[in-house]
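Asks:
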Amino acid sequence: MSDYLVIVESPAKAKTIERYLGKKYKVKASMGHVRDLPKSQMGIDTEHNYDPKYITIRGKGPVLKDLKTAAKKAKKIYLAADPDREGEAIAWHLAHSLDVDIASDCRVVFNEITKDAIKESFKHPRAINMDLVDAQQARRILDRLVGYNISPLLWKKVKKGLSAGRVQSIAVRLIIDREKEITDFEPEEYWTVQATFQKDNDQFEGSLIEYKGKKANLSNEEEVKAILQTIEGNEFKISKVTKKERKRNPAPSFTTSSLQQEAARKLNFRAKKTMMIAQQLYEGIDLGKEGTVGLITYMRTDSTRISETAQEEAKEYILNAYGNDYLAQEKKKEKKQANSQDAHEAIRPTSAMRKPADVKEFLSRDQFRLYKLVWERFLASQMSSAVMDTMAVDLKNSDVTFRANGSKVKFPGFMKLYVEGSDDQVEEKEKQLPNLEEGETAYSKDIEPKQHYTQPPPRYTEARLVKTLEELGIGRPSTYAPTLDTIQKRGYVALENKRFVPTELGGIVLELILEFFPEILDVEFTAKMETDLDKVEEGSVQWVKVIDEFYRDFEKRLEKAEKEMREVEIKDEPAGEDCEACGSPMVFKMGRYGKFMACSNFPECRNTKPIVKEIGVKCPTCEEGNIVERKSKKKRTFYGCDRFPSCEFISWDKPIARKCPKCESLLVEKKQKKGTQVVCTSCDYKEETQQ
713 MSDYLVIVES PAKAKTIERY LGKKYKVKAS MGHVRDLPKS QMGIDTEHNY DPKYITIRGK
773 GPVLKDLKTA AKKAKKIYLA ADPDREGEAI AWHLAHSLDV DIASDCRVVF NEITKDAIKE
833 SFKHPRAINM DLVDAQQARR ILDRLVGYNI SPLLWKKVKK GLSAGRVQSI AVRLIIDREK
893 EITDFEPEEY WTVQATFQKD NDQFEGSLIE YKGKKANLSN EEEVKAILQT IEGNEFKISK
953 VTKKERKRNP APSFTTSSLQ QEAARKLNFR AKKTMMIAQQ LYEGIDLGKE GTVGLITYMR
1013 TDSTRISETA QEEAKEYILN AYGNDYLAQE KKKEKKQANS QDAHEAIRPT SAMRKPADVK
1073 EFLSRDQFRL YKLVWERFLA SQMSSAVMDT MAVDLKNSDV TFRANGSKVK FPGFMKLYVE
1133 GSDDQVEEKE KQLPNLEEGE TAYSKDIEPK QHYTQPPPRY TEARLVKTLE ELGIGRPSTY
1193 APTLDTIQKR GYVALENKRF VPTELGGIVL ELILEFFPEI LDVEFTAKME TDLDKVEEGS
1253 VQWVKVIDEF YRDFEKRLEK AEKEMREVEI KDEPAGEDCE ACGSPMVFKM GRYGKFMACS
1313 NFPECRNTKP IVKEIGVKCP TCEEGNIVER KSKKKRTFYG CDRFPSCEFI SWDKPIARKC
1373 PKCESLLVEK KQKKGTQVVC TSCDYKEETQ Q
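Heads up: the sequence shown runs through residues 713 to 1403, numbered per our numbering.
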């Protein structure tokens, strides 16, 4: 018989924590929630203070029975679910099911699964925080009232299987609004003029910036020609030289949102994948002799705060590895964002001393890459700023001024270890200018005008959409990954070339919600609702009041929508070919992995086909079929023969319609970091990389 029973959420944690606590403790897993609102009904009494009806989740009976048996044998029960609203609610539900007094010191929380952190947390148990529980209940009830009322309407008026939610509806709206911006965008012509200058043996480049002392806005070729005609010869006087020292500060340690964004940019991870791997690193990895250890702190957080202990350990590592110059001289004071709960620390390694290379053999490739990202970002956040030497040089001829800019890293600071990624793929590159002084002369070697057109705003990537939702105050760390997953599963949006594109269905649903439930799609209203939920957590607002303020108006809109919402028939788009199985016309359908072709005679005929695109290349294997572009289930593009399965030719690289000049084998386009390179599949033939 164990003296103490500890209940955590997952079995992965249970083994590790039991080993840390010793023989007197028995650690079991609840496998997440044990009670929830019923799936088959609303489960909320709107007539009596929105009282929720909780039931044991289907399939959790045996788990709960096992926990009750263990609870009867224990002197004391500790509830150690995750340190957030959801975890507090799980602890509350467990307390209710196991007859644990919620006012007793039964709740234990820890931000990392390490021996010291676990032992320290058990020295400070507390009562269950009902403000946190109420905040979680309020969100759950709010989402249930929206989803379980609007979704059946959509099933009736549009089609089965649709859903509506506060955060997901805003996400779809952002994607559709962006698509409209792109469609309505009218490109405007503009020109730039680049010049190559020479001084002594040095060459450098500059851009035309001023004409007659005013900024040169070059909108057409005639303007450019008129300005360039005023240039007299090729001699330019250096009229101004500006030298500055600029500091570049490191990015703070990761929040959930910034981790998802950076993993998308640098590792090409989807938000869902990032969170799944982060969960594994948090819950613990078997490190051989060292046993199972949590490698990172809790991964659902909107705080960039770092504990004193972690800062001291980082300081020790930086001093030993890089020296005093690379250590931030002042302690980092992270700014708390306006909508941040700041419940616990930023995402960081549990030990700065545990280098990625030291644990690589115990990790999968993706686990290692994500751990390395977290470790480098944390260490860099505690390092000194980078110092850049910048130089701007104005070169004048007649009334025309060109400017040459240069920069070089004077001191790398944090950049020696890590540089934050960018959504726009713009890297800060060194461009050093020769030693130039005011009054000296340089000569233009080549002046090249270029025509450009303004570009529409880009479609949302997952990273950009998460960033936008966070900036608008919509959703919280735990909501982003499931939201992006849901809007794709429902067929409201699709991912094309890693960017979100709205579907016809998404547009129809959005239009109906906007007409009858505008507050659901109002960014300010939804952000205010998130703030109100935070106030519930702080204990300054009653959760029933927040729900009631929303529901009174929502109920009226619901009654109106029931009577007035029109039925919409979504017609399938013809695919332009007949079904090989039954001869009926094929149509385009939208599935979880994007568009595909299906027989219009469904359900009598269930024939489906992927959409393929010919690339104008004959199959090199069978020499009869044509190479077509296909998509794997994970949306990765590959190329294969259209005679599959008779011919099994497949290539991840795009074949091209000419043969290798050396051996006459197949040539393919291989994607490189800086462009595309044509290579032979049989010999060592390569062509120059094309940007």
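Ideal placement from N, C-alpha and C gives every residue a C-beta, glycine not left out.
Small disclaimer: the values here were computed from a predicted structure and weren't measured.
Output the residue ranges of the alpha helix (DSSP H) runs that lie fully inside the region 869-938 and measure 4 residues or longer, sorted by chain position.
Replies: Complete alpha helix (DSSP H) runs here, min 4: 878-896.
Asks: Any chance the region 1176-1194 sits against the region 966-986, with 3 or more Cβ pairs inside 8 Å?
Replies: Result yes; three or more Cβ-Cβ pairs closer than 8 Å.
Asks: Give me the DSSP bridge partner(s) of Met1095.
Replies: Your numbering for residue 1095 matches position 383 in the sequence shown. DSSP, once it has assigned bridges, lists Leu1039 as partnering Met1095.
Asks: Name the two residues that bound the continuous beta strand (DSSP E) containing Gln972.
Replies: Taking the first residue of the sequence shown as 1, we reach residue 972 at position 260. Run containing Gln972: none in the beta strand (DSSP E); it sits in the alpha helix (DSSP H), Thr968 to Leu979.
Asks: Ignoring anything shorter than 3 residues, give me the beta strand (DSSP E) runs that lie fully in the region 1276-1346, in order along the chain.
Replies: The qualifying runs are 1285-1290, 1297-1303, 1306-1311, 1320-1322, 1325-1330 and 1338-1343.
Asks: Classify Glu1142 as helix, strand or coil using the three-state DSSP reduction.
Replies: Within the sequence shown, the letter at position 430 stands for residue 1142. Glu1142 falls in the coil class under three-state DSSP.
Asks: Buried or exposed for Trp867, please, with buried defined as at least 16 other CB atoms from any protein chain shown within 10 angstroms of its CB.
Replies: The residue labelled residue 867 in the question sits at position 155 within the sequence shown. Exposed is the call here.
Asks: Which residues share a DSSP beta bridge with Arg960?
Replies: The residue given as residue 960 occupies position 248 in the sequence shown. Per DSSP, Ala1098.
Asks: Anyone know if the C-beta pair for Thr1166 and Pro1373 falls short of 8 Å?
Replies: By 1-based counting over the sequence shown, the position of residue 1166 is 454. By 1-based counting over the sequence shown, the position of residue 1373 is 661. No; because the gap between Cβ atoms is not below 8 Å, this pair is not in contact.
Asks: Quick check on this structure: which residue in Asn1319, Phe916, Ala1273 and Gln1041 has the alpha carbon closest to the alpha carbon of Glu1292?
Replies: By 1-based counting over the sequence shown, the position of residue 1292 is 580. Glu1292 has its Cα closest to that of Asn1319, out of Asn1319, Phe916, Ala1273 and Gln1041.
Asks: What three-state label does DSSP hand Gln1389 in the structure shown?
Replies: By one-based count along the sequence shown, residue 1389 stands at place 677. Strand, per DSSP.
Asks: Quick check: the Cα distance between Asp1354 and Asp1284, rounded to an integer number of angstroms?
Replies: The residue given as residue 1354 occupies position 642 in the sequence shown. The residue given as residue 1284 occupies position 572 in the sequence shown. Each residue's alpha carbon lies about 25 Å from the other.
Asks: Residues bridged to Met1103 by DSSP?
Replies: In the sequence shown, residue 1103 corresponds to position 391, counting from 1. Met1103 pairs with Lys955 and Gly1118.
Asks: Which residue comes first and which comes last in the beta strand (DSSP E) that contains Glu1381?
Replies: Residue numbering aside, residue 1381 sits at position 669 when the sequence shown is read from its first letter. Here the beta strand (DSSP E) through Glu1381 covers Leu1378 to Gln1384.
Asks: Over the uninterrupted alpha helix (DSSP H) stretch that includes Leu1075, give me the two end residues.
Replies: For this step, residue 1075 is matched to residue 363 along the sequence shown. No alpha helix (DSSP H) contains Leu1075, which DSSP labels as neither H nor E.
Asks: Using the DSSP secondary-structure output, state which residues sit across from Leu1207 in a beta bridge.
Replies: Here residue 1207 refers to the residue found at position 495 of the sequence shown. Answer is Phe1212.
Asks: Kindly indicate which residue of Phe834, Met1095 and Phe1237 has the alpha-carbon position closest to the one of Glu1028.
Replies: Your numbering for residue 1028 matches position 316 in the sequence shown. Closest option to Glu1028, Cα to Cα, is Met1095.
Asks: Going by the DSSP bridge assignment, what does Lys738 pair with across the sheet?
Replies: As a first step, residue 738 must be located in the sequence shown, where it is residue number 26. Bridge partners of Lys738: Leu717.
Asks: Kindly indicate which three-state DSSP category Asp813 falls into: helix, strand or coil?
Replies: Numbered from its first residue, the sequence shown carries residue 813 at position 101. Asp813 falls in the coil class under three-state DSSP.
Asks: When we look at the beta-carbon of Ile824 and count the other beta-carbons within 10 Å, is it buried (16 or more) or exposed?
Replies: Translated into positions along the sequence shown, residue 824 becomes position 112. At residue 824 the sequence reads Glu, which differs from the Ile that was named. Buried, by the Cβ-count rule.
Asks: Cα-Cα, which of Arg885, Asn1032 and Gly799 is closest to Ala847?
Replies: Residue mapping note: residue 847 aligns to position 135 of the sequence shown, counting from 1. Ranking the options by Cα distance to Ala847, first place goes to Gly799.
Asks: Looking only at its chain, what residues have a beta carbon closer than 6 Å to the beta carbon of Glu891, apart from the 5 residues adjacent to it on each side?
Replies: Residue 891 sits at position 179 when you count from the first residue of the sequence shown. Only Pro1214 meet the Cβ criterion.
Asks: Measuring straight from C-alpha to C-alpha, what distance separates Arg1089 and Asp715?
Replies: Translated into positions along the sequence shown, residue 1089 becomes position 377. Translated into positions along the sequence shown, residue 715 becomes position 3. Near 42 Å, if we compare the C-alpha coordinates of Asp715 and Arg1089.
Asks: Taking Phe1308 and Ile1323 to be in contact with their CB atoms under 8 Å, please state how far apart those CB atoms are, rounded to whole angstroms.
Replies: By 1-based counting over the sequence shown, the position of residue 1308 is 596. By 1-based counting over the sequence shown, the position of residue 1323 is 611. Right, their Cβ atoms sit about 6 Å apart.
Asks: What does a CB cutoff of less than 6 Å around Arg1476 pick up in its chain, not counting 5 residues either side in sequence?
Replies: In the structure as shown, the chain starts at 713 and stops at 1403, and residue 1476 therefore has no counterpart that could be examined.
Asks: Sorted by chain position, which residues of the same chain lie with C-beta nearer than 8 Å to Asp843's C-beta, five sequence neighbours on each side aside?
Replies: Translated into positions along the sequence shown, residue 843 becomes position 131. Same-chain partners within the cutoff: Val1248, Glu1249, Glu1250 and Gly1251.
Asks: Label Trp903 either buried or exposed according to how many other C-beta atoms from any shown protein chain fall within 10 Å of its C-beta, with 16 as the threshold for buried.
Replies: To locate residue 903, count along the sequence shown from 1; it is residue 191. Buried is the call here.
Asks: Since I believe Ala990 is in contact with Met1011 (beta carbons under 8 Å), could you give me their beta-carbon distance rounded to a whole number of angstroms?
Replies: Stepping through the sequence shown from its first residue, residue 1011 is reached at position 299. Stepping through the sequence shown from its first residue, residue 990 is reached at position 278. With a Cβ gap of about 4 Å, Met1011 and Ala990 count as contacting.
Asks: Taking all protein chains shown into account, do 16 or more other C-beta atoms lie within 10 angstroms of the C-beta of Asp1070, making it buried, or fewer, making it exposed?
Replies: The residue labelled residue 1070 in the question sits at position 358 within the sequence shown. Answer is exposed; the Cβ neighbour count stays below 16.
Asks: Counting beta carbon pairs with one atom in the region 744-757 and one in the region 856-863, are three or more of them shorter than 8 Å?
Replies: Output reads yes: the region 744-757 touches the region 856-863.
Asks: Tell me, please, which residues DSSP counts as bridged to Thr1004.
Replies: Taking the sequence shown and counting its residues from 1, one reaches residue 1004 at position 292. Paired residue(s): Asp998.
Asks: Nearest by alpha-carbon distance to Asn1147: which of Ile1159, Arg1188, Ala1116 and Lys1201 is it?
Replies: Against the sequence shown, residue 1147 aligns to sequence position 435. That would be Ala1116, whose Cα lies nearest to the Cα of Asn1147.
Asks: Shortest alpha-carbon distance to Met1127 belongs to which of Ile939, Cys1375, Ala1092 and Glu1002?
Replies: Stepping through the sequence shown from its first residue, residue 1127 is reached at position 415. When only C-alpha atoms are compared, the closest one is Ala1092.
Asks: Could you check how far apart the C-beta atoms of Ala1416 and Pro723 are, in whole angstroms? I think they sit under 8 Å.
Replies: Residue 1416 lies beyond the stretch modelled for the chain, which goes from 713 to 1403, so this question has no answer here.
Asks: Is it buried or exposed for Cys1375, if we count other Cβ within 10 angstroms and need 16 for buried?
Replies: Within the sequence shown, residue 1375 is the residue found at index 663, counting from 1. The residue in question, Cys1375, is exposed, as its Cβ has fewer than 16 Cβ neighbours within 10 Å.
Asks: Can you confirm whether the region 1018-1025 touches the region 1063-1078 when touching is taken to mean that 3 or more C-beta pairs between the two stretches lie within less than 8 Å?
Replies: Output reads yes: the region 1018-1025 touches the region 1063-1078.
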